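Novice: This is the structure I have questions about; it appears just below.
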Amino acid sequence: MYSFSIKCTTLPCKLTISLYRQCINLIEKKLTSCTFKALLLIITSIQISHAETSRLIPATPIQIYDIAVKNDPALGAATSAHLISQEETRQVYGALQPEINFTAELARNREDVETDGIGVAGLTYFDSNNVQLKVKQPVYRKDIYTKIDIAKAESIVADTVFKIEQQTLIIRVIKAYFSVLSADDNLKFAKAEKQTTYQQLNNIKRKYKVGKSTPADLQKSQASYYLSVAQTLTAEDIHQDALEGLTQLTAMKYLTLAKLSKSYTPNSLKPEKLEYWVNLAESNNLKLQASRHYISTLKYKIDEQKSNHYPTLDLVAKYRLEDTGGRFGNSITNDKSIGFELAIPIYKGGQVRSKVKTAMHKLNEAKFNLLKIRREVIRETRKSFRAISTSLNRIRALKQAVISSESALALIKKGFKAGIRTNADVFDAKREIFKAKRDYLADKYSYTINYLQLKNLTGSLNRDELLNINKWFTIPKTL
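Here the sequence shown stands for residues 0 to 478, where the numbers follow numbering that gives the first Met the number 0.
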């Protein structure tokens, strides 16, 4: 008798499938047909869910971004808007193409004539048939020409907005990713704080029992412990919410994420000149580009309203065949015509002038909005530049703080063994190390986010930038 037990819920898909095939081959060789069918039914009932498996694999920022590109609703909506703009451009060009219409009419007629004079009175029934083919080709249409210009400009705006959403997704992914890492660091710090206060509380209790501690010391220690419990619960909730942020972007859940490598050392900006980055942002920022293209669109819309004063000229060809009966017999009419149709607008109650003024006001509004966006971009660029510089200096300082804290802990432990330091001193030193390490990592996260934000403001953020940063992430050895 042969017994097989396969547990594949935590195995990668390729390994699971390989084991599955090996088991099938072994069963085919060793077992009878009846037993084979029974075990085959059991094995095939194992559910291998790619989504569930991928949740157990530590994810890196680039992996989450690639998944978000496919699953993020905001980017999906921007993609649809981009495609809509392309179709609308094709529709405008279609207005210059020939328009062909065919109509047909088949009717049964009832004619009842009453007369006191000459003519034949009475009731008559007869059929009538009518078919018509009409071809219309625009020759001169100022309104269509301006609509084409508008469609081109709007298409450029839509392309730029789509690129903005692509860059924004990178920022949203990296912020959500670091929110999880930061929340995880805070949770570890909270748990360490909880453990430290718990040990302090036990130490105070022992001293209290032998009369070496006061009731006030005991109550103070208990308050510190329960406060750390509350802070740990809050940290756990924040950590869970941060994970939900990644789920919102990708429609997947993650149990663990790749961490920043300890060897990751941020570099200074090149060049380290603020005005260089400000000028680059003024030239290449996508929001500014979209606003400038939108202004071009509004200029064309002024021309569109003015075009309502212009005449239109169309080439029209018609063919009509009519077969009609009646009391005087059947008649067949065959008409063919080709010519030009000219329409000249004379007066529309002042609507055209008012619409032109409205379009001009919208143009002025857009110019003010462009000025507003420009100032915002300049301010945000300067802010990101300063934040990067501040983070670099803080990273250097906090690195030394971590080294000093570790050295201090080692000395305090020696002092404790020598009897000149207390447990409280050791606990406080450990707390300072945890805090310094947490803040050290937080500034690394802050630097990375501000660096990508600066790239975003200068219009140069893309997947390659994220890929370069992704190299500094390492997957934990133990899952």
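The C-beta atom is built at its ideal place from N, Cα and C for all residues, glycine as well. Just so it is clear, the structure is predicted and the values come from calculations on it, not from any experiment.
For K347, count neighbouring C-beta atoms within 10 Å of its own C-beta (all shown protein chains included) and say buried if the count is 16 or more, exposed if not.
Specialist: Per the 10 Å Cβ criterion, exposed.
Novice: Exposed or buried, what is F505 when buried is set at 16 or more other beta-carbons lying within 10 Å of its beta-carbon?
Specialist: What is shown of the chain runs 0 to 478, which leaves residue 505 out entirely.
Novice: Determine the extent of the beta strand (DSSP E) in which G338 is found, giving its start and end residues.
Specialist: Note, G338: beta strand (DSSP E), 330-342.
Novice: For the putative contact between V68 and I99, defined by C-beta atoms under 8 Å, what is the C-beta separation to the nearest angstrom?
Specialist: At roughly 43 Å, the Cβ-Cβ gap does not stay under 8 Å, so V68 and I99 are not in contact.
Novice: Assuming E303 and D142 form a contact by the criterion Cβ under 8 Å, report the distance between their Cβ atoms to the nearest whole angstrom.
Specialist: Contact holds; Cβ gap of about 6 Å.
Novice: Quick check on the DSSP output: what are the complete beta strand (DSSP E) runs of length 3 or more inside the stretch 331-406, in order along the chain?
Specialist: Whole beta strand (DSSP E) segments, 3+ residues: zero.
Novice: Across the stretch 320-337 and the stretch 284-303, are there enough close Cβ pairs to call them in contact, namely three or more that are closer than 8 Å?
Specialist: These segments do not touch.
Novice: Please report how far the alpha carbon of F101 lies from the alpha carbon of A342, in whole angstroms.
Specialist: Approximately 23 Å, taken between the alpha carbons.
Novice: Reducing DSSP to helix, strand and coil, say where Q131 ends up.
Specialist: In the structure shown, Q131 sits in a strand (DSSP, three-state: E or B).
Novice: Give the list of continuous alpha helix (DSSP H) stretches no shorter than 4 residues that lie fully inside the stretch 205-261.
Specialist: The stretch 205-261 contains these whole alpha helix (DSSP H) runs: 214-249.
Novice: Who does G93 pair with in a DSSP beta bridge?
Specialist: G93 is not bridged to any residue.
Novice: According to the Cβ coordinates, are I387 and N461 closer than 7 Å?
Specialist: Not in contact: I387 and N461 (Cβ atoms no closer than 7 Å).
Novice: Do you know whose CA, among I394, T231, N202, D216, lies nearest S267's CA?
Specialist: Among I394, T231, N202, D216, the Cα nearest to that of S267 belongs to I394.
Novice: Rounded to whole angstroms, how far is the Cβ of Q136 from the Cβ of L314, which I believe are closer than 8 Å?
Specialist: 4 Å between Cβ atoms; contact.
Novice: Quick check on DSSP: helix, strand or coil for L122?
Specialist: Three-state result, L122: strand.
Novice: I169 by DSSP, collapsed to three states: which one?
Specialist: In this structure, I169 counts as helix in the three-state DSSP scheme.
Novice: Would K501 be called buried (16 or more neighbouring beta carbons within 10 Å of its own) or exposed?
Specialist: This structure does not reach residue 501, given that the chain is present from 0 up to 478, and the question cannot be answered.
Novice: Determine whether the beta carbon atoms of H238 and F161 lie at a separation below 7 Å.
Specialist: Not in contact: H238 and F161 (Cβ atoms no closer than 7 Å).
Novice: In the DSSP assignment, find the beta strand (DSSP E) that holds R107 and state where it starts and stops.
Specialist: Run containing R107: 98-112, per the beta strand (DSSP E) assignment.
Novice: Please identify the residue among S306, K361, I170, R381 whose C-alpha is closest to the C-alpha of Q350.
Specialist: Checking every option, the nearest Cα to that of Q350 belongs to S306.
Novice: Give the DSSP-derived three-state secondary structure of K269 in the structure shown.
Specialist: Coil.
Novice: May I ask you to report which of helix, strand or coil DSSP gives R462?
Specialist: Of the three classes helix, strand and coil, the one that applies to R462 here is helix, per DSSP.
Novice: Tell me whether D322 sits in a helix, a strand or coil according to DSSP, three-state version.
Specialist: The answer is strand: DSSP assigns D322 an E or B state.
Novice: If I'm right that N422 touches N202 with Cβ under 8 Å, what's the distance once you round it to whole angstroms?
Specialist: About 5 Å separates the two Cβ atoms, so the contact holds.
Novice: Kindly list the residues whose CB is nearer than 8 Å to the CB of E481, restricted to its own chain and excluding five residues on each side of it in sequence; keep chain order.
Specialist: Residue numbering for the chain in the displayed model covers 0 to 478; residue 481 lies beyond these limits and cannot be assessed.
Novice: Since A292 is in the alpha helix (DSSP H), which residue starts that stretch and which ends it?
Specialist: In the sequence as displayed, the identity of residue 292 is His instead of Ala. Taken as a continuous stretch (DSSP letters only), the alpha helix (DSSP H) holding H292 covers 285-305.
Novice: Just confirm the distance between the C-beta atoms of Y480 and I169, as a whole number of angstroms; I'd bet it's less than 8 Å.
Specialist: Given that the chain is displayed from residue 0 to residue 478, the structure contains no residue 480 and the question cannot be resolved.
Novice: Among the residues of its own chain, which have a CB less than 6 Å from the CB of F426, if the five just before and after it don't count?
Specialist: Closer than 6 Å at Cβ, skipping near neighbours: T195, Q199.
Novice: Excluding the 5 residues preceding and the 5 following V376 in the sequence, name in chain order all residues of the same chain whose CB lies nearer than 8 Å to its CB.
Specialist: Closer than 8 Å at the Cβ level, and outside the excluded window around V376, lie A280, E281, N284, K286, L287, L456.
Novice: Would you mind stating whether I163 and S290 have Cβ atoms separated by less than 7 Å?
Specialist: No, the pair does not count as a contact, with Cβ atoms beyond the cut-off.
Novice: What separation, rounded to the nearest whole angstrom, lies between the Cα atoms of T357 and I155?
Specialist: Approximately 23 Å between the Cα atoms of the pair.
Novice: Pick from T332, A428, L256, G210: whose alpha carbon is nearest that of G414?
Specialist: When only C-alpha atoms are compared, the closest one is A428.
Novice: Can you list, in chain order, the residues of its chain with a C-beta nearer than 7 Å to that of R420? Leave out the 5 residues immediately preceding and following it.
Specialist: Answer for R420: I411, G414, listed in chain order.
Novice: Between which two residues does the alpha helix (DSSP H) containing P57 stretch?
Specialist: No alpha helix (DSSP H) contains P57, which DSSP labels as neither H nor E.
Novice: Identify whether P72 lies in helix, strand or coil by the three-state DSSP scheme.
Specialist: Helix.
Novice: May I ask which residues mark the beginning and end of the alpha helix (DSSP H) holding T447?
Specialist: First-last of the alpha helix (DSSP H) with T447: 422-456.
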